[in-house]
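Undergrad: Please find one structure pasted underneath; my questions will follow.
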Amino acid sequence: MEKNNQLILALDVTEKNKALDVAEKVYEYVDAVKIGYPLVLKTGIGIIEDISSRVPVIADFKVADIPNTNRLICEQVFNSGADAVIVHGFTGRDSLDACVATANEYNRQVFVVADMSHPGATEFFQQVSEKIAKMSLDTGVSGVVAPATRTNSVENIRKIIGNELAIISPGVGAQGGSASDVINKGADWVITGRSIYQSDSPDTEAKKVVQEIKNRN
Ligand code: XMP
């Protein structure tokens, strides 16, 4: 994934035509499209290939199983044409290693969830967030996911991982996070869904986020 506009679209619509329409409108503004369960479960895994012919696709399947099952899932993800997969780290190093080994076979990327953006993340996830960030170092992953809704977490995770790994950061827009703030705190990309795909003009909204990032102080 090339770092140009620093924006990743979370394409969580459930109709194929809507997905293709929104993607078509925003291709020029996004560095990647993130596709997860809502769209794939409704339309089928082929949607990944449809979109990845135009722009890199990050498959957000938050893979969290034993190593063998993680390997089998990642093989399907990469066979479908995805450029990267988002996986969980709380399942332990062996489970993560299985994802990375599979990604290496396909020359693809892995991102690890290091913290989450919703309020409930403070109940359990935050207590293991730093450990997951530390574990992610030296595993061969490309980066971690950290929340735009809590920029102190992004700042902290950036200190832990240094410049070795990228940070992709959801929570901008509908969840209240600011694109410019989280980039200033150390994120490499912001991930935005609803504020773009629910808009009457997804291209205008995507362009706004890109401009906000480029014009930030
Ligand atoms: P919205 O509509 O809130 O979409 O802009 C955000 C997208 O990002 C996903 N998401 C997360 N993924 N860690 C993740 O790995 C998180 O903390 C997180 N928060 C949101 C969400 O599923 C949606 O696709």
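Position one of the sequence shown corresponds to residue 1 (the UniProt record's numbering), numbered consecutively onward. Every residue, glycine too, gets a C-beta built ideally from N, C-alpha and C.
Anything with a beta carbon under 7 Å from a heavy atom of the ligand XMP counts; list them all in chain order.
TA: Going by the Cβ distance cut-off, the answer is A10, D12, K34, G36, D60, K62, I86, V113, D115, M116, S117, H118, A121, V145, P147, P170, G171, V172, G173, A174, Q175, I191, T192, G193, R194 and S195.
Undergrad: Look at the Cβ atom of N104, then the Cβ atom of G140, and state whether they are nearer than 8 Å.
TA: Contact flag set, yes.
Undergrad: Under 8 Å Cβ to Cβ from K18, same chain only, skipping five residues before and after it: list those, please.
TA: The residues are Y197.
Undergrad: Over the uninterrupted alpha helix (DSSP H) stretch that includes V26, give me the two end residues.
TA: Run containing V26: K16 to V26, per the alpha helix (DSSP H) assignment.
Undergrad: Which residue comes first and which comes last in the beta strand (DSSP E) that contains A32?
TA: Note, A32: beta strand (DSSP E), A32 to G36.
Undergrad: Using a 10 Å radius around the Cβ and a threshold of 16 neighbouring Cβ atoms, would you call residue 218 buried or exposed?
TA: Here the chain comprises residues numbered 1 to 217, so residue 218 is not present and cannot be evaluated.
Undergrad: Would you kindly work out how many angstroms separate the C-alpha atoms of R93 and I73, rounded to a whole number?
TA: So the two alpha carbons sit approximately 17 Å from each other.
Undergrad: From V40, G193, A146 and Y37, pick the residue whose C-alpha is nearest to that of A133; which is it?
TA: Comparing Cα-Cα distances from A133 to each of V40, G193, A146 and Y37, the minimum goes to A146.
Undergrad: So F111 and V144 are supposed to be a Cβ contact under 8 Å. How far apart are they, rounded?
TA: Going by Cβ atoms, the distance from F111 to V144 rounds to 6 Å, so yes, they are a contact pair.
Undergrad: Could you tell me the alpha carbon to alpha carbon distance between N5 and G176, rounded to whole angstroms?
TA: Those two C-alpha atoms are separated by around 20 Å.
Undergrad: Taking three-plus beta-carbon pairs below 8 Å as touching, is the stretch 157-176 in contact with the stretch 113-120?
TA: Output reads yes: the stretch 113-120 touches the stretch 157-176.
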